[in-house]
Amino acid sequence: MTLDLALFLILALVAVATALGMLFSKNAVYSALFLVLNFVTVAVFYLLLGAPFIAMAQITVYAGAIMVLFLFVIMLLGAERLPATNVLPWQRPLAITLTVILAMESTYLLLSRARPSGSVLPPGAEVNTVDNLRAMAMTLFNNYLLPFEVTSVLLLVAMVGVIVLVRREKGQKS
Amino acid sequence: MMLSDWTLWLEWLIKSLVVTFGLLTGFAYLTWYERRALARIQARIGPNRAGPQGLLQPIADAVKLIFKEELVPAKADKTLFFWAPVITMVPSLIIAAVIPWGPAIEMFGRVIRLSIADLNVGVLYLMSIASIAVYGIVLAGWSSNNKYAMLGGLRSSAQMISYELALGLSFATSIILANSMRMFDIVEAQRGLWFVVVQPVGAVIFWIATLAEVNRAPFDMPEAEQELTAGYHAEYSGMKFALFFMAEYQKMIVVSAILATLYFGGYLGPFVDRFPWLGPIYMIIKIILLLFVMIWVRATWPRIRYDRLMAFGWKILLPLSLAIAFITATGILLTDLTGSPLYFWAIPVVSVLAGLFTVAVIYRELRRKAYGRA
Chain A
70 MTLDLALFLI LALVAVATAL GMLFSKNAVY SALFLVLNFV TVAVFYLLLG
120 APFIAMAQIT VYAGAIMVLF LFVIMLLGAE RLPATNVLPW QRPLAITLTV
170 ILAMESTYLL LSRARPSGSV LPPGAEVNTV DNLRAMAMTL FNNYLLPFEV
220 TSVLLLVAMV GVIVLVRREK GQKS
Chain B
151 MMLSDWTLWL EWLIKSLVVT FGLLTGFAYL TWYERRALAR IQARIGPNRA
201 GPQGLLQPIA DAVKLIFKEE LVPAKADKTL FFWAPVITMV PSLIIAAVIP
251 WGPAIEMFGR VIRLSIADLN VGVLYLMSIA SIAVYGIVLA GWSSNNKYAM
301 LGGLRSSAQM ISYELALGLS FATSIILANS MRMFDIVEAQ RGLWFVVVQP
351 VGAVIFWIAT LAEVNRAPFD MPEAEQELTA GYHAEYSGMK FALFFMAEYQ
401 KMIVVSAILA TLYFGGYLGP FVDRFPWLGP IYMIIKIILL LFVMIWVRAT
451 WPRIRYDRLM AFGWKILLPL SLAIAFITAT GILLTDLTGS PLYFWAIPVV
501 SVLAGLFTVA VIYRELRRKA YGRA
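Protein sequence lines, in the order shown, are assigned to chains A and B. Following this note's numbering, the numbering of the first sequence begins with 70 at its first residue and continues without gaps. Following this note's numbering, the numbering of the second sequence begins with 151 at its first residue and continues without gaps.
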């Protein structure tokens, strides 16, 4: 237990540090790289919780696929240098207000709801075991089949949309 | 946790060191093997001066690379320019962690599994490390502050991302056949029948996708000097360049090991149950044979044009691998439902037919393109 706690503390420190690094980097490429580190740290958290499938999916999908596309866009647009001046002057006070509200709400909920003795496991938590793949597939394709299918249709629609947008009209030369 | 069990830590440490040094030595001698084999195919002799049969050539190369001057472009991003080769190198080493090198052996009164990590999501681990490997190339291109290097980096990484999809689907085919994502289970499921027999087209797709994934001929865009100087590593020299080179060759070894595990029975072979030490030997023999195929391909095939490479990946390899995964899943399902082996043996037949159909489509398309406009 103490080893898990120590691991958790170190990881939490890394996660917060990389998140701050992402926010305060002057260069968008470095911001993206800090975000990658943050995603990988979160994946290690999942491993610590005994959910290797989610951890690997997190790395493959977020750190591997999505962030590479982020980097692509940043590099292709040449947008790595952020403007020094503040373009949106109303943004900062609004962000600070919203952050304070979020912090207060989460502190209240943490103090009032999270009891040390109570179990916090959600329904279907048996999937989070070391041998969780089969259980997870069973849950996904039996209990949550409809949401799964809806999600896949949604992704398909997005894909068709992209193809329609980038399609060249007939007779139009690039 | 078993922190107190120091022997377990020692076991992990020794296994990691053996695999790492094995890969590093393998890299050095793979360059020698490749040059000798290429020379033979091209009716030359190849490096044979340093030591017997040129066996000391890799050491001479290493000394030369270490003492070469390292240049850093003036306006490069120094930090990332330094880290990009490291970021390329590390995934090519750690991806080997889940490869099973042999059955469990008994030594010093304890059972030792010949694999660093025995994950139940082993195949997914391979997938996630493969997707991380793109970063080093993108960053190398960007941090050089050179337009050619940047375009080369974007081009190579677009290629890797595109072929990852077909790669993932051929992983899925093997998982469906083995009914597990654990590497040991996949190997044990091939006892008596290698998956390459059941799903030959899946193995071929895996092979093509990995060639693109490790930037090997005929998909070796970084080597296309006439197009973009040298791609993403145009500005690199000395040991930093050697790290890119090393990563490529280690990836060659590792993908051969993965292909051997997923489709060619891994460490299985005659008498492997009686003498477990034969496991790693069979594995190494299979890896060397698969590496030879890679070199053979390099010696035989011309480089594919970039737009055709992307078209091949997205319009041909991806649909075909989807069809293969579907055929395999349907065959397994029908076999389970009816209990008749007829459906199981329909998998290779239908898959080969699908593969032949694809080849016919490519042939027709190329003919139409070549002569249609005249």
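Just so you know, even glycine gets a beta-carbon here, dropped at the ideal spot from N, CA and C. Just so we're clear, the structure is a prediction, and the values are computed from it rather than from any experiment.
Compare the beta carbon distance of residue i and residue j with 8 Å and say whether it is the shorter of the two.
| i | j | result |
| --- | --- | --- |
| B/Leu409 | B/Tyr432 | no |
| B/Ile279 | B/Ile249 | no |
| A/Leu92 | A/Phe114 | no |
| B/Pro350 | B/Val509 | no |
| B/Val273 | A/Phe122 | no |
| B/Pro235 | B/Lys390 | yes |
| B/Val261 | B/Ala254 | yes |
| B/Tyr382 | B/Gly302 | yes |
| A/Phe139 | A/Ala101 | yes |
| B/Ala449 | B/Leu470 | no |
Does any CB atom of chain B fall closer than 8 Å to the CB of residue i?
| i | result |
| --- | --- |
| A/Ile128 | yes |
| A/Gly119 | no |
| A/Leu80 | no |
| A/Phe122 | yes |
| A/Leu209 | no |
| A/Ala86 | no |
| A/Leu202 | yes |
| A/Phe93 | no |
| A/Val111 | no |
| A/Val169 | no |
| A/Val137 | yes |
| A/Ala132 | yes |
| A/Phe141 | yes |
| A/Met125 | yes |
| A/Met144 | yes |
| A/Val98 | yes |
| A/Ser188 | Note that A/Ser188 scores a pLDDT of 48, beneath 50, so its modelled location is shaky; the value from the coordinates is reported in the next line. By this cut-off, A/Ser188 is not an interface position. |
Tell me, to the nearest whole angstrom, how far the beta carbon of residue i is from that of residue j; I am working on the premise that it is less than 8 Å.
| i | j | result |
| --- | --- | --- |
| A/Thr129 | B/Met277 | 5 Å |
| B/Phe369 | B/Ile466 | Wrong, their Cβ atoms sit about 14 Å apart, outside the cutoff. |
| B/Ile435 | B/Ala407 | Wrong, their Cβ atoms sit about 12 Å apart, outside the cutoff. |
| B/Thr541 | B/Ile474 | Shown here, chain B extends from 151 to 524; a query on residue 541 of chain B therefore has no answer. |
| B/Leu230 | B/Leu289 | 5 Å |
| B/Thr238 | B/Gly286 | 3 Å |
| B/Ile282 | A/Ala112 | Actually they do not touch by this definition, with Cβ atoms about 11 Å apart. |
At the 8 Å Cβ level, is residue i part of the contact set with chain A, yes or no?
| i | result |
| --- | --- |
| B/Leu274 | yes |
| B/Val236 | no |
| B/Met151 | Confidence in B/Met151 is poor, its pLDDT being 44 and thus under 50, which makes the residue's placement too unreliable to answer from. |
| B/Ser278 | yes |
| B/Leu282 | The sequence shown places Ile at residue 282 of chain B, rather than the Leu named in the question. For B/Ile282, the answer is yes, since a Cβ of chain A falls inside 8 Å of its Cβ. |
| B/Asn295 | no |
| B/Leu441 | no |
| B/Asn365 | no |
| B/Trp292 | yes |
| B/Ser307 | yes |
| B/Leu304 | yes |
| B/Ile311 | yes |
| B/Leu215 | no |
| B/Leu319 | no |
| B/Met371 | no |
From which residue to which residue does the beta strand (DSSP E) around residue i run?
| i | result |
| --- | --- |
| B/Met257 | 252-257 |
| B/Val261 | 260-264 |
Looking at the secondary structure, which residues open and close the alpha helix (DSSP H) in which residue i lies?
| i | result |
| --- | --- |
| B/Thr478 | 468-488 |
| B/Ile445 | 428-450 |
| A/Asn107 | 97-117 |
| B/Arg453 | Unbroken run through B/Arg453: none, as it is neither H nor E. |
| B/Gly318 | 297-328 |
| B/Gln340 | Premise fails: B/Gln340 is in no alpha helix (DSSP H) and is neither H nor E. |
| A/Pro158 | Counting along the chain, A/Pro158 falls outside any alpha helix (DSSP H), and DSSP gives it neither H nor E. |
| B/Ser281 | 272-282 |
| B/Tyr183 | 156-191 |
| A/Gly90 | 71-93 |
| A/Thr129 | Run containing A/Thr129: none; DSSP gives neither H nor E here. |
| A/Leu224 | 214-235 |
| B/Glu398 | 388-413 |
| B/Ala353 | 350-363 |
| A/Met136 | 136-146 |
| B/Pro241 | 228-244 |
Any heavy atom of the ligand PLP closer than 7 Å to the beta-carbon of residue i?
| i | result |
| --- | --- |
| B/Ala178 | This structure lacks the ligand PLP; in fact it carries no ligand of any kind. |
Spell out a yes or no on whether the segment 309-324 of chain B and the segment 348-360 of chain B are touching, meaning 3 or more CB-CB pairs, one atom from each, closer than 8 Å.
Because the criterion of three Cβ pairs below 8 Å is met, the segment 309-324 of chain B and the segment 348-360 of chain B touch.
**Message:** Below 8 Å, how does it come out for the segment 157-167 of chain B and the segment 186-196 of chain B: are there three or more Cβ pairs, yes or no?
**Reply:** no
**Asked** Counting pairs of Cβ atoms below 8 Å between the segment 286-298 of chain B and the segment 198-218 of chain B, do you hit three or more?
**Response** no
With three or more beta-carbon pairs closer than 8 Å as the criterion, would you say the segment 341-350 of chain B touches the segment 484-501 of chain B?
yes
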